[in-house]
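Enquirer: In the working numbering, the protein residues as written are 238 to 586.
(1) Under 8 Å, do residue 515 and residue 554 count as touching if we go by C-beta distance?
(2) Quick check on DSSP: helix, strand or coil for residue 359?
(3) Could you give the residue range of the alpha helix (DSSP H) that holds residue 372?
(4) Give every residue of the same chain whose Cβ lies closer than 8 Å to the Cβ of residue 507, excluding the five residues on either side of it in the sequence, and list them in chain order.
(5) Can you tell me whether residue 557 is helix, strand or coil according to DSSP?
(6) Assuming contact is defined by CB atoms lying nearer than 8 Å, are residue 429 and residue 480 in contact in what I supplied?
(7) Quick one: Cα of residue 533 to Cα of residue 557, how far?
(8) Using CA atoms only, rank isn't needed, just tell me which of 308, 327, 329 and 326 is closest to residue 319.
(9) I'd like to check one pair, residue 386 with residue 328: are the Cβ atoms closer than 8 Å?
(10) What does the alpha-carbon distance come out to for the pair residue 416 and residue 334?
(11) How would you write the range of the alpha helix (DSSP H) that residue 489 sits in, first residue to last?
(12) Pick out the complete alpha helix (DSSP H) segments inside the region 476 to 553, 4 residues or longer, and give them in chain order.
(13) I'd like the span of the alpha helix (DSSP H) that includes residue 410, first residue to last.
(14) If you run the structure through DSSP and keep just helix, strand and coil, what is residue 319?
(15) If I'm right that residue 246 touches residue 332 with Cβ under 8 Å, what's the distance once you round it to whole angstroms?
(16) Find out if the Cβ-Cβ distance for the pair residue 510, residue 451 is shorter than 8 Å.
(17) Near residue 446, what residues of its chain come up, given a Cβ to Cβ distance below 8 Å and the 5 sequence neighbours on each side ignored?
(18) Hey, quick one: how far does the alpha helix (DSSP H) through residue 325 stretch, first residue to last?
(19) Helix, strand or coil: how does DSSP classify residue 285 here?
(20) Would you mind giving the Cβ-Cβ distance between residue 433 and residue 483, rounded to the nearest angstrom? I have them listed as a contact below 8 Å.
(21) Measure the CB-CB distance between residue 405 and residue 477 and report whether it falls below 8 Å.
(22) Going by C-alpha to C-alpha distance, which of 449, 517 and 410 sits closest to residue 504?
(23) Short of 8 Å in beta carbon distance, which residues of its chain neighbour residue 349, apart from the five on each side in sequence? Order them along the chain.
(24) Taking just the CA atoms, how far does residue 317 sit from residue 284?
(25) Rounded to the nearest angstrom, how far is the Cβ of residue 281 from that of residue 303, given a contact under 8 Å?
(26) Under a CB-based cut-off of 8 Å, is residue 533 close to chain D?
(27) Assuming residue 373 contacts residue 310 under a Cβ cut-off of 8 Å, what Cβ separation, rounded to an integer in Å, is found between them?
(28) Residue 366 to residue 542, Cα distance in whole Å?
(29) Can you check which of these residues, 431, 456, 444 and 472, is closest to residue 413 by C-alpha distance?
(30) Could you give the C-beta distance for residue 517 and residue 536, rounded to a whole number, given that I count them as a contact under 8 Å?
(31) If you reduce the DSSP assignment to three classes, tell me which class residue 308 lands in.
(32) Cα-Cα, which of 456, 312, 279 and 313 is closest to residue 298?
(33) For residue 356 and residue 323, I'd like the C-alpha separation in whole angstroms.
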């Protein structure tokens with residue numbers, strides 16, 4: 238009964254706003270976090286289960302995404318067309334946005350293709366995933382360059398986690414899609430910045446958020462690279478070239494974050510970076526094997542370093558790269574990607 242579900246959703250949204258508006262959030266107690274999570278989860282659940290990928294039945298999810306987008310814009314002081322009448326604090330809005338893909342994935346009646354179709358549902362000239370990505374791009378731009386503080390850092394890390402959840406659930410969120418910059422910097426360039434030398438320019442309120450930003454950025458990129466719906470396109474190849482070139486000096490994408498994680502003994506961050514580097518090499522193994530793009534050899538050196546890591550969970554993901562490389566005939570590889578590389582690999586292992 239969509240009409241009844243819409244009424245329930247509106248009541249839940251009103252209750253959530255009444256309890257977690259800006260004034261109440263400043264007085265938020267630790268035990269109130271569970272209530273906020275429960276309310277956000279309930280709102281997303283009702284919205285998802287009262288919607289479908291048919292345009293006439295998707296108002297619940299699209300209305301929720303619109304409220305989240307309006308709330309983030311309001312918190313950053315950015316004017317948008319058709320702002321919502323209710324604006325949540327940024328942390329609540331981002332929690333709502335992160336719950337949508339999780340709720341869609343929890344629907345046992347949807348196949349993977351149907352999940353993508355659901356998250357791509359058309360509405361007012363756009364679609365769910367595009368509206369969510371636009372909101373995430375806005376949040377990343379605003380909170381990366383904000384003056385800092387624990388609250389802003391917490392929302393930034395939640396934004397990165399939300400991006401990872403959308404990329405995991407929606408297989409059409411690919412490198413090509415994140416390379417587009419509608420307003421300001423693209424999501425891809427902002428993720429690269431967070432995992433490179435440019436991250437040093439941000440003053441984190443605590444080490445906890447610096448570590449979590451590395452973990453969530455790496456997780457998000459890992460899912461995005463693994464979504465190969467754009468495989469073979471020029472836009473994906475351009476995005477991969479950007480990532481590989483960024484590994485080199487002076488940007489040192491992944492390299493800088495790995496050094497920081499190692500120096501601070503952040504094991505989870507180191508594992509996340511190993512997964513990211515391995516996925517990039519594995520998914521683009523033909524280009525890596527040919528060494529056609531700047532940064533290919535730098536990535537191989539990074540992988541060899543990770544392969545020799547004493548922590549098992551850091552070293553294991555890299556093994557998949559060498560197995561993928563074995564499937565490329567030696568005659569089709571760069572000379573350094575045959576015997577010389579595997580001689581070094583034997584010594585490392």
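Backbone N, C-alpha and C fix where the C-beta goes; we use that ideal spot for every residue, glycine too.
Computed from a predicted structure; not experimentally measured.
Expert: Looking at the coordinates:
(1) Going by C-beta atoms, residue 515 is nearer than 8 Å to residue 554.
(2) Secondary structure of residue 359 (DSSP, three-state): strand.
(3) Annotation: the continuous alpha helix (DSSP H) that includes residue 372 extends over 365 to 381.
(4) Once the five neighbours on either side are set aside, the close Cβ partners of residue 507 are 495, 498, 499, 546, 548 and 551.
(5) For residue 557, the secondary structure class from DSSP, reduced to helix, strand or coil, is helix.
(6) In contact: residue 429 and residue 480 (Cβ atoms closer than 8 Å).
(7) If you draw a straight line from the Cα of residue 533 to the Cα of residue 557, it comes to about 17 Å.
(8) Shortest Cα-Cα distance from residue 319 to any of 308, 327, 329 and 326 involves 308.
(9) In this structure, residue 386 does not lie closer than 8 Å to residue 328 by Cβ.
(10) Linking residue 416 to residue 334 through their CA atoms gives a straight-line distance of about 21 Å.
(11) Per DSSP, residue 489 lies in no alpha helix (DSSP H) segment and is marked neither H nor E.
(12) With a minimum length of 4 residues, the continuous alpha helix (DSSP H) runs that stay inside the region 476 to 553 are 492 to 501, 504 to 520, 522 to 527 and 533 to 544.
(13) From DSSP, residue 410 is part of no alpha helix (DSSP H); its letter is neither H nor E.
(14) Reduced to three states, the DSSP call for residue 319 is coil.
(15) Not confirmed; about 16 Å, so no contact.
(16) A contact, by the Cβ cut-off of 8 Å.
(17) For residue 446, same chain residues with a beta-carbon under 8 Å away, outside a window of 5 residues either side, are 387, 390, 391, 393 and 394 in chain order.
(18) No alpha helix (DSSP H) contains residue 325, which DSSP labels as neither H nor E.
(19) DSSP places residue 285 in helix when its eight states are reduced to three.
(20) Confirmed, Cβ separation roughly 6 Å.
(21) Their beta carbons are not under 8 Å apart, which means residue 405 does not touch residue 477 by this criterion.
(22) It is 449.
(23) Cβ neighbours of residue 349 within its own chain (closer than 8 Å, five residues either side excluded): 408.
(24) Our two residues, residue 284 and residue 317, have alpha carbons roughly 23 Å apart in a direct line.
(25) Residue 303 and residue 281 do not touch by the CB rule: their CB atoms are close to 14 Å apart, not below 8 Å.
(26) In summary, chain D is missing from the structure at hand, where a single protein chain is found.
(27) About 12 Å separates the two Cβ atoms, so there is no contact after all.
(28) Rounded to whole angstroms, residue 366 to residue 542 spans 37 Å at the Cα level.
(29) The residue from 431, 456, 444 and 472 with its alpha-carbon nearest to that of residue 413 is 472.
(30) Right, their Cβ atoms sit about 7 Å apart.
(31) Note: residue 308 maps to helix in three-state DSSP.
(32) When 456, 312, 279 and 313 are compared, the shortest CA-CA separation from residue 298 is found for 279.
(33) If I take the Cα positions, the gap works out to 23 Å.
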